[in-house]
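Structure, as structure tokens:
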Amino acid sequence: MAYRTERPKLKRTFLQGPDLTFDGKNPPREYPPVSLCMIVKNEEENLANCIGSVGDFPAEIIVVDTGSTDRTVQIAESLGAKVYHFRWINDFAAARNESIRHATGEWIFWMDADDRLEPDGAAKLKQAGVSGKADVYMCRGGSHGKGAGSADAVVEHFRLFRNGLGLKFHGALHESIAPDVIDLGLVVARTNVEVRHTGYSIEIDDYKAKARRNMAIINAELQKNPDDLYWRYHRAASLSILGDTEQAAADYEAVLADPPPQLNWDIYVYQAHTGLLDIYNNAGKFDDARRILNLALERFPQRRHLAVVAGLFYFGQDELDTALEYLLRAQRLPRESDMLGQAWSPGKLESVLGQVYLLRGEYALARQAFMDMLAENGNTPSRTPPAEYAAAERLFAAGDFDGVCRVLDAVAMGNLPALRLLARAENKRERWHSATANLAQAMALDEPRPDDWVTLAEYVLHTRHFDSAERLCQLALQANPENAQAMNLVGFIAFQQNDAEKA
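Mapping of the sequence shown onto the numbering used here: position 45 corresponds to residue 497, and the numbering continues sequentially without gaps.
Following this line, the structure appears as structure tokens:
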């Protein structure tokens with residue numbers, strides 16, 4: 453398939469204003485009144501925390517309810533919100549426009565119930581409101597990826613804008629005021645205000661329910677134009693969650709062959725590359741995965757996140773030299789390159805780098821990488837078992853290895869006893885990549901125990917990474933030339949690789 457490598461040109465654009473940094477210190481006591489506008493349905497667990505996060509920033513709170521059957525409306529009213537009702541018609545823009553229709557403030561700020569404004573966000577927004585720098589202010593938003601070790605999605609939204617300009621939301625899904633901002637030639641400023649979206653940090657069943665909700669909207673749009681690449685991208689994203697990876701891959705391929713200009717290049721086009729790469733990688737279609745990875749590297753050569761993705765891919769292929777090359781490249785790239793699209797959690801790069809170094813036998817470098825990982829998260833190594841350790845030991849003895857992981861996952865980083873027990877539990881669960889990661893961290897942060905190299909080799913061998921497993925066995929034999937278990941593993945590896953002489 454032929455791919456167009458350049459960024460598509462937009463026919464129209466808005467007038468980009470300055471990138472603004474607000475410190476949140478000494479916010480103005482007087483600022484133009486702001487209407488907080490929200491659309492909600494069954495958000496009794498989220499609404500109070502959301503509204504609480506904005507503090508005294510809004511002069512009024514507008515809540516449009518689209519059919520709640522829980523206590524959402526009562527909670528909104530108890531918090532002083534003006535509540536209106538709107539029949540849900542599978543159109544987020546329509547509901548959002550109903551909310552701003554009731555706004556009386558000079559400015560409008562919108563949120564969802566599962567959004568949280570950062571602690572000093574209200575103060576920064578007050579500073580933005582009196583700055584006079586723009587008609588529209590953008591805020592960064594992020595949501596945690598699903599699954600351990602997954603990346604965060606990072607986007608920007610037109611969050612704060614002047615009322616009375618005739619701005620309306622457009623788009624039944626992922627609605628935006630961008631079309632009107634462009635038509636009116638408004639000045640837009642980026643800010644350092646962050647809004648954390650918690651709506652996708654939920655249980656997988658709820659995550660799939662949101663995807664099915666989105667599919668109803670997407671399918672309605674595709675009935676009008678089945679070849680619309682904007683909507684095919686969003687179908688691919690939802691189908692990936694729902695497990696229909698064949699159709700998702702076809703949609704992603706079409707999008708990457710000719711990215712539509714209305715699809716944000718740095719956010720959605722980028723995520724189309726990483727989404728398709730994940731599909732092919734998880735399906736064992738490694739040639740296709742390499743093809744998409746190379747295309748992504750050609751289009752986004754300066755993305756730190758992508759360099760880590762490449763390192764992870766080659767690590768998964770047991771091509772450690774190439775993995776190391778990309779991980780070291782990621783270290784040299786600025787974190788700001790991941791301002792939009794996707795970004796790894798702090799320490800992810802260093803964690804993978806530590807594993808690569810250890811499997812290469814470079815112990816000192818592995819230790820430094822893991823120490824850097826801990827520093828990124830404000831941690832230090834500890835030999836003291838966490839409070840949860842005794843319960844985890846009981847679960848392990850009872851054969852509840854899933855329970856061990858639930859108890860220790862959140863507290864294992866840098867904790868040597870927890871890491872070792874977690875590695876054993878993950879091995880019992882046949883999750884050998886996780887077992888390898890946990891034992892490698894424990895070994896690098898402490899002196900390896902006599903059997904560690906062979907145990908790690910066994911974990912790695914389960915992933916069919918024969919070269920790395922053999923290298924670990926050789927390290928075990930360097931420490932003890934009479935290590936029978938290591939010699940047996942070397943023979944087994946040789947047999948698997950049809951090397952009769954070694955066997």
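Virtual Cβ for every residue (Gly too), placed ideally from N, Cα, C.
How big is the Cα-Cα spacing for residue i and residue j?
i	j	result
isoleucine 513	leucine 488	5 Å
glutamine 949	glutamate 882	22 Å
tyrosine 704	leucine 691	11 Å
leucine 758	threonine 556	44 Å
alanine 848	lysine 880	Reading off the sequence shown, one finds phenylalanine at residue 848, where the question assumed alanine. Roughly 10 Å between the two C-alpha positions.
leucine 860	asparagine 549	45 Å
leucine 749	arginine 742	10 Å
aspartate 903	phenylalanine 822	21 Å
lysine 477	phenylalanine 610	23 Å
leucine 913	cysteine 925	10 Å
alanine 842	threonine 836	12 Å
valine 863	proline 838	7 Å
leucine 531	threonine 643	28 Å
valine 588	alanine 663	30 Å
valine 965	glutamate 655	Past the boundaries of the shown model lies residue 965; the chain is included only from 453 to 955, so the question cannot be answered.
proline 833	alanine 661	40 Å
aspartate 852	alanine 887	16 Å
tyrosine 483	alanine 511	10 Å
valine 906	glutamate 878	17 Å
leucine 810	alanine 586	51 Å
glycine 943	tryptophan 884	21 Å
glutamine 937	alanine 928	9 Å
glutamine 438	aspartate 508	This structure does not reach residue 438, given that the chain is present from 453 up to 955, and the question cannot be answered.
leucine 715	valine 721	7 Å
aspartate 680	threonine 774	38 Å
threonine 518	proline 480	35 Å
alanine 600	asparagine 494	Confidence at alanine 600 is low in this model, with a pLDDT of 47, below 50, so its placement is unreliable and no value can be given for it.
proline 900	aspartate 739	37 Å
alanine 724	glutamine 930	46 Å
phenylalanine 767	arginine 916	12 Å
glutamate 698	methionine 590	36 Å
leucine 745	aspartate 718	16 Å
valine 707	alanine 701	10 Å
CB of residue i to nearest heavy atom of the ligand ATP: below 7 Å?
i	result
alanine 762	Here there are no bound small molecules, and the ligand ATP is not part of this structure.
Tell me the residue span of the beta strand (DSSP E) that contains residue i.
i	result
glycine 793	793–795
leucine 715	First-last for leucine 715: undefined, no H or E at that position.
aspartate 442	Outside the shown range of the chain, which is 453 to 955, sits residue 442, and nothing can be said about it.
isoleucine 560	559–563
Can you check which of these residues, the options, is closest to residue i by C-alpha distance?
i	options	result
glutamine 579	Ala528, Val535, Leu472	Leu472
glutamate 814	Arg923, Phe767, Val506	Arg923
alanine 946	Asn932, Ala928, Leu929, Ala921	Ala921
asparagine 829	Leu801, Phe853, Tyr809	Leu801
asparagine 940	Thr915, His917, Ala931, Glu910	Glu910
arginine 648	Leu776, Val607, Leu619	Val607
arginine 876	Pro711, Leu891, Glu777, Asn867	Leu891
alanine 889	Asp718, Leu871, Arg901, Glu899	Leu871
glutamate 845	Leu817, Arg751, Leu868, Leu874	Leu874
proline 470	Thr518, Ser520, Ile731, Ala641	Ala641
phenylalanine 765	Gln783, Ala700, Lys737, Leu785	Lys737
leucine 908	Leu868, Met865, Gln807	Gln807
arginine 684	Asn498, Asp658, Pro711, Tyr659	Pro711
tryptophan 559	Trp540, Pro485, Gly618	Pro485
phenylalanine 621	Thr726, Ala528, Asp543	Asp543
leucine 897	Ile693, Ala603, Leu826	Leu826
arginine 755	Phe767, Leu780, Tyr732, Ile731	Leu780
glutamate 788	Leu728, Arg592, Asp658	Arg592
valine 492	Leu674, Arg539, Arg751	Arg539
Start and end of the alpha helix (DSSP H) containing residue i?
i	result
glutamate 705	697–709
arginine 548	544–553
tyrosine 536	It is not in any alpha helix (DSSP H) - tyrosine 536 instead sits in the beta strand (DSSP E) that spans 534–537.
alanine 586	Taken as a continuous stretch (DSSP letters only), alanine 586 belongs to no alpha helix (DSSP H), as it is neither H nor E.
glutamine 807	800–811
May I ask you to verify whether the segment 631–647 touches the segment 792–802, counting CB pairs closer than 8 Å and requiring at least 3? With the cut-off at 8 Å, the segment 631–647 and the segment 792–802 do not touch.
Starting from the N-terminal side, write out each stretch of the alpha helix (DSSP H) that is 4 residues or longer and does not extend beyond the segment 718–791. With a minimum length of 4 residues, the continuous alpha helix (DSSP H) runs that stay inside the segment 718–791 are 722–734, 738–751, 756–768, 772–784.
Could I get the ranges of all uninterrupted alpha helix (DSSP H) runs contained in the segment 823–896, with 4 residues as the minimum, in chain order? 841–849, 853–860, 868–880
In chain order, what are the residue ranges of uninterrupted beta strand (DSSP E) at least 3 long that sit wholly in the segment 596–680? 604–614, 639–649
Would the segment 602–619 and the segment 657–669 be scored as touching if the rule is three or more Cβ pairs under 8 Å? no
In chain order, which continuous runs of the alpha helix (DSSP H) of length 4 or greater are located wholly inside the segment 491–531? As far as the segment 491–531 is concerned, its whole alpha helix (DSSP H) runs of at least 4 residues are 499–505, 524–530.
Ordered list of beta strand (DSSP E) runs contained in the segment 912–940, each at least 3 residues: none
Between the segment 624–633 and the segment 569–583, are three or more C-beta pairs nearer than 8 Å? With a cut-off of 8 Å, the segment 569–583 and the segment 624–633 do not count as touching, because too few Cβ pairs lie within range.
With a threshold of 8 Å, are at least 3 pairs of Cβ atoms found where one atom belongs to the segment 498–507 and the other to the segment 564–572? yes
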